[in-house]
Each structure stands twice: as structure tokens, then as C-alpha cells.
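The block underneath contains the structure these notes are about, expressed in C-alpha cells.
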Amino acid sequence: MILELIVRKYTENGQPVGSKALVDTLPIHVSSATIRNDMVKLEEAGLIEKTHSSSGRVPSREGYRYYVDHLMRPVSADQSELATIKSSFDQSFRRIDDIVKISADMLSQMTNYTALSLKPNQVATTIDGFRLVPLGSSRVMLILATSNGEASTQQFSIPPELQGEELEKVVHLMNDRLVGKSLAQAYQLIHSDLPVILSKYLHNKLGVVDVFSDMISRNAEDQFFVGGKLNILNFSDPKNLESVRKVFGILNTQDALSDLLSNDEHGVNVRIGNEISDSVLQDYSLITASYDIGTYGQGLIAILGPTSMQYSKMLGIVDVFRAQLSSKMLEYYKNLDGS
Numbered sequence: 001m002i003l004e005l006i007v008r009k010y011t012e013n014g015q016p017v018g019s020k021a022l023v024d025t026l027p028i029h030v031s032s033a034t035i036r037n038d039m040v041k042l043e044e045a046g047l048i049e050k051t052h053s054s055s056g057r058v059p060s061r062e063g064y065r066y067y068v069d070h071l072m073r074p075v076s077a078d079q080s081e082l083a084t085i086k087s088s089f090d091q092s093f094r095r096i097d098d099i100v101k102i103s104a105d106m107l108s109q110m111t112n113y114t115a116l117s118l119k120p121n122q123v124a125t126t127i128d129g130f131r132l133v134p135l136g137s138s139r140v141m142l143i144l145a146t147s148n149g150e151a152s153t154q155q156f157s158i159p160p161e162l163q164g165e166e167l168e169k170v171v172h173l174m175n176d177r178l179v180g181k182s183l184a185q186a187y188q189l190i191h192s193d194l195p196v197i198l199s200k201y202l203h204n205k206l207g208v209v210d211v212f213s214d215m216i217s218r219n220a221e222d223q224f225f226v227g228g229k230l231n232i233l234n235f236s237d238p239k240n241l242e243s244v245r246k247v248f249g250i251l252n253t254q255d256a257l258s259d260l261l262s263n264d265e266h267g268v269n270v271r272i273g274n275e276i277s278d279s280v281l282q283d284y285s286l287i288t289a290s291y292d293i294g295t296y297g298q299g300l301i302a303i304l305g306p307t308s309m310q311y312s313k314m315l316g317i318v319d320v321f322r323a324q325l326s327s328k329m330l331e332y333y334k335n336l337d338g339s
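Take the sequence shown: its position 126, counting from 1, is numbered 126 in my numbering, and each next residue is one higher.
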């Protein structure tokens, strides 16, 4: 009970907690001497620690871990927070990326932390087709449409030795061989069987293969959206600008975000301090939550904040948020299937 109260009070106001504050908070009468004795035991166990500027105590990383695993009771989002979440999704979205982006922005606003949102994995996404649009005498734009309603484009220059008719044949061949295939299957085919077949139409096929391959791999890779990047400044050490710069570097790099979140299991997970894979984030905590949309895949949302975050409140918000996001994603895909 003492550790739970220390964590709750410190995460609420950021002030070290002394025995007198606990005496005034406990529901039963306990002497200051008894509380001080219990605090000594907690400190010896490494669950709380003394600060340099106060006689009070603050939770250690191990203390937060014990609290989250054994003492914490998630606080459900209140009606106002639930209404805010529902209203943010109560609109029509034309692209899946729009839903993922607004989820990161809204989650950061609700928590005042930095929020991450990963679009659903593309296991079930298939290729609807390629289309070629001329942009001039020597440039074209290739469009890739996929079953999740997305369309991606890439412009490239036509090699002088390649005729427009030859390129159209290539596009028809790609559509004939790849439409209906998953992104993973298409990527494999474009590096195995198709180069041999393309050699019948093209003398120099490598550049063309690379264009198709790049488009498919871009659609298949993880894509993260970040909301509230500047919120990091609210709980970072202003004296350690190099550390802040490195944190922003992670938030601005898709590969770094993928490494950061790649080991998270299904459901809701909390990583505290040095439990996070990147040592730059040892003073932060990361809450992640997966969201399922049946056969359409699985995505992820996360919040990055200080180790002193209000875990019970944040977990309550994240849990409700992922349920609403999952529902909106499912609605989007079902509407797409019915159109």
C-alpha cells in the first residue's frame, strides 16, 4: 500500500513523497514512525530512492515495474474522454493513412505525451493493378492500386532505348501476373520468375524491375505516424540537448521506430527505462497496444512519456482508444469491400 501511494502521489504532482504526506493520505491511522520504517524497507529493496533536493522519496524504475505488475489498477477513460475519442473517428476517411495519422495526433493530445501509430500490417493486402500515365516524352508515372484502397505513385525516366509500346507490354504483363497476389508474393515473383519473362520484351530489364520492386516493398513495409513530437520537450532534461536530439532522431526515422516497437507482443505492454531496447530512452516509458481488425491485419499504437507517467490513467485511455480505432478500421475495410 505504501509503494502504491508513493507512486500515485509522485506521478500526480511530481514532488518527492515524505512520510507526513502519506500519513494524511492513508485511509487508516498509521504513525509516521511506522511509515518511515516501511519506506526504509522499500528503499533497501530498491523500489524507492532519495533525491538530492528533498528529504522525500521517489519511485525507482524497479518500483514502477513492481507497481505496474502487481499493484496498479487501470482507470477506465471517463465519459468526456470516451466522447472525445469517438468524435475524432466520427467522420469519413478516404485513406487508411488518414485514420492512422489522426489516431496518433488525437492520442498525443489526450495524453500530452508523444504518440505513435502503426498502420495495419499488409499480410492480407493484395495488388489491384498497375497503371502507366505519360508525363512527357521521356517521363512516366507508375500507379499501384492495392486492395486496402491505397494508391501509390512513382515517377521515372524512360531509358532512351525503351519504347513506349514495350513499357505498356511490361505493365500488362505485371498486371497479368501480379493482380490478386499479396504484396509478399508479388515481391517474391518480381525477383524470381518475372525477370526471365521480361527478358523477352526488354534488353535492359533491371531498371524497370527496380521501379516495380520499390513500389511493392514501400507498400509492404511498416509505416509509422508520430503525433506530438514536441511533447518530448515537456519531460526531457533541457540540459542534455544531445540526448533530446537523439530522441528526435528516433522519432523521425521509420527504421528506428520499427526497431523500437518490433519486439512488442500482442495486447497491451509497458516498458520502463532500460527495458526499452534503445539506451537513449532509458529515462522514458513506452506503452504499446496492438489492435486487431480480423483478416485485414493488425496495427499498433503507443505512447512515449516519462517514467513518472500516470500508468493507470494512461493504460485506461490507450485500451479504450485501441478498441475505437479497431472498430473504425474494420468499418473502413468493410465499406471498401462493399464498394
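In this text, a Cβ means the ideal position worked out from N, Cα and C, and glycines have one as well.
This structure is a prediction, so every number in the text was calculated from the model and none was measured.
- Here the stretch 97–114 lies against the stretch 300–314, with 3 or more beta-carbon pairs under 8 Å apart.
- A distance below 6 Å between beta-carbons, with the five flanking residues on each side excluded, links S76 to the following residues of its chain, in chain order: G316.
- With a 10 Å radius around the Cβ and a threshold of 16 neighbouring Cβ atoms, G136 comes out exposed.
- Listed in chain order, the non-local C-beta contacts of D214 below 8 Å within the same chain comprise Q154, local neighbours out to five positions each way being set aside.
- The three-state secondary structure of T126, taken from DSSP, is strand.
- In its chain, beyond the 5 residues on either side, Q122, T125, L144, T146, E150, S152 and L183 have a beta carbon closer than 8 Å to the beta carbon of N219.
- DSSP, reduced to helix, strand and coil, places M141 within a strand of the structure shown.
- If you draw a straight line from the Cα of Y187 to the Cα of D97, it comes to about 22 Å.
- With contacts defined by Cβ atoms closer than 8 Å, S326 and Y291 form a contacting pair.
- Between P59 and G299, the beta carbon gap of about 31 Å keeps them out of contact (Cβ cut-off 8 Å).
- Counting every other CB atom within 10 Å of its CB across the protein chains shown gives N148 a total of 16 or more, marking it as buried.
- Partner residues in the beta bridge of F225, as assigned by DSSP, are S117.
- The beta-carbon distance between L3 and G63, rounded to whole angstroms, is 6 Å. This is short enough to meet the 8 Å contact definition.
- Residue range A151 to S157 is occupied by the beta strand (DSSP E) that includes F156.
- The stretch 249–257 and the stretch 268–276 do not touch, with fewer than three beta-carbon pairs separated by less than 8 Å.
- Secondary structure at V30: coil, using DSSP grouped into helix, strand and coil.
- Fully enclosed beta strand (DSSP E) runs of no fewer than 3 residues occupy 268–272 of the stretch 252–281, in order along the chain.
- For V58, the three-state secondary structure derived from DSSP is strand.
- Between L260 and I293, the C-beta gap is not smaller than 8 Å, which leaves the two residues out of contact.
- Note on geometry: alpha-carbon atoms of S199 and R95 lie some 36 Å from one another.
- The Cβ neighbour count for G56, taken over all protein chains shown within 10 Å, is at least 16; the residue is labelled buried.
- Distance from A104 to S88 at the Cβ level is roughly 11 Å; contact not present, criterion being Cβ atoms closer than 8 Å.
- Assigned with DSSP and collapsed to three states, G63 falls in helix.
- For S19, same chain residues with a beta-carbon under 7 Å away, outside a window of 5 residues either side, are S32, I35, R36 and M39 in chain order.
- Closest in C-alpha terms to V268, from the list Q185, R139 and D69, comes D69.
- Taking C-beta separations shorter than 8 Å and ignoring five residues to either side along the sequence, the partners of D278 in its chain run I250, A256, D259 and L260, following chain order.
- E242 is the residue among E242, Q254 and D319 whose C-alpha sits nearest the C-alpha of L281.
- Approximately 7 Å separates the beta-carbon atoms of L189 and K181; this is inside 8 Å, confirming the contact.
- By the neighbour-count definition (other C-beta atoms within 10 Å, threshold 16), L26 is an exposed residue.
- Per DSSP, the unbroken beta strand (DSSP E) holding D292 starts and ends at Y284 to D292.
- The beta carbon of I158 is closer than 8 Å to those of S138, R139, V140, G164 and L167 in its chain, skipping five residues each way along the sequence.
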